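Structure first, then comments.
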Amino acid sequence: MTDELIFFTNPMSRGRIVRWMLEETGCAYRTEILAFGPDMKAPGYLAVNPMGKVPAILHKGKIVTEGAAVCAYLADAFPEAGLAPPPHDRAAYYRWMFFAAGPVEAALSNKAFGFEVPADRQRAIGYGSIENVVDTLDYAVTQSEYIAGDRFSAADIYVGSQIGWGMMFGTLEKRPAFEAYWQRISTRPAALRAREIDDALVPPKA
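What follows is the structure, given as structure tokens:
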């Protein structure tokens, strides 16, 4: 069985989160670029991810999909990179990574498509209201220098990416706390390197 790590992505997708994570680990990996449409829905790739979406990784014969899951997996697969707290100190790490993967992702996606949960139905949806999600996210990034304490971790990559994209695309207001947090993490060498790699892979505009 090969130990090769294969990264399935598109440079204009959430695969950018995983690219950053991979660059932080320093591990060797091979990239497979998939175009939106037929490439992602082809039988060969559906065997990797039946959703027909990226990102995904294949590592030591095992498949991992979903950005937060891939980040958490890679942090454990390459412990020498120090991207996860010790197991006994992972409460905030898991809490905020999966808060970003659940309520934040859902709320900001709904906002991007103009969907607003009626006030009388907010108890029936996981995130309640977008205002509550944003206030909670503001709380999360102001409790310590990094999202899970005083050290950068995989959770910062995932939470930070949600914040960075949200502010860029206008689905998340540019609060001072968000801008300060994003500035702290987005200039890391691995983050800059990952953006440079993916930007170079974006097809030129016709």
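Residue numbers (UniProt numbering): 1 to 206.
Where is the CB? At the ideal position from N, CA and C, for every residue including glycine.
Predicted model only: the values in this text are computed from it and were never measured.
Check	Outcome
Buried or exposed for Y139, please, with buried defined as at least 16 other CB atoms from any protein chain shown within 10 angstroms of its CB.	exposed
Hey, could you find the ends of the beta strand (DSSP E) T65 is sitting in?	62 to 65
Spatial neighbours of G126 within its chain, please: CB distance less than 8 Å, with the 5 preceding and 5 following residues excluded, ordered by chain position.	G102, P103, A106
On the CB-based measure, 16 or more other CB atoms within 10 Å of its CB, does K53 come out buried or exposed?	buried
Give the single residue among M168, A56, D150 whose Cα lies nearest to the Cα of P85.	D150
The alpha helix (DSSP H) spanning L172 covers which residue range?	That residue, L172, is in no alpha helix (DSSP H); it is neither H nor E in DSSP.
Quick one: which unbroken beta strand (DSSP E) runs of 3-plus residues sit fully inside the UniProt domain "GST C-terminal" (86 to 206)? Chain order, please.	none
Classify M1: buried if its beta carbon has 16 or more other beta carbons within 10 angstroms, exposed otherwise.	Its pLDDT being 49, under 50, M1 is placed unreliably by the model, and nothing is read from it.
Taking only three categories from DSSP, how would you classify L83?	coil
So for L58, helix, strand or coil by DSSP?	strand
Given this structure, state the Cα-to-Cα distance separating G164 from G44, to the nearest angstrom.	33 Å
Shorter than 8 Å from the beta carbon of R95 to some beta carbon of chain C?	Among the chains in the structure shown there is no chain C, since it carries only a single protein chain.
Just how far apart, CA to CA, sit L172 and W20?	21 Å
Report the residue from P203, D76, F152, P204 whose alpha carbon sits nearest the alpha carbon of S186.	F152
Answer with buried or exposed for S109, where buried requires no fewer than 16 other C-beta atoms within 10 angstroms of its C-beta.	exposed
Excluding sequence positions up to five away, which residues of its chain have a Cβ less than 7 Å from the Cβ of I197?	R19
Tell me the residue span of the beta strand (DSSP E) that contains L5.	5 to 9
With a CB to CB cut of under 8 Å and the five nearest residues on each side skipped, what residues in its chain are close to D39?	Y45
Look up R19 in the DSSP assignment and say whether it is helix, strand or coil.	helix
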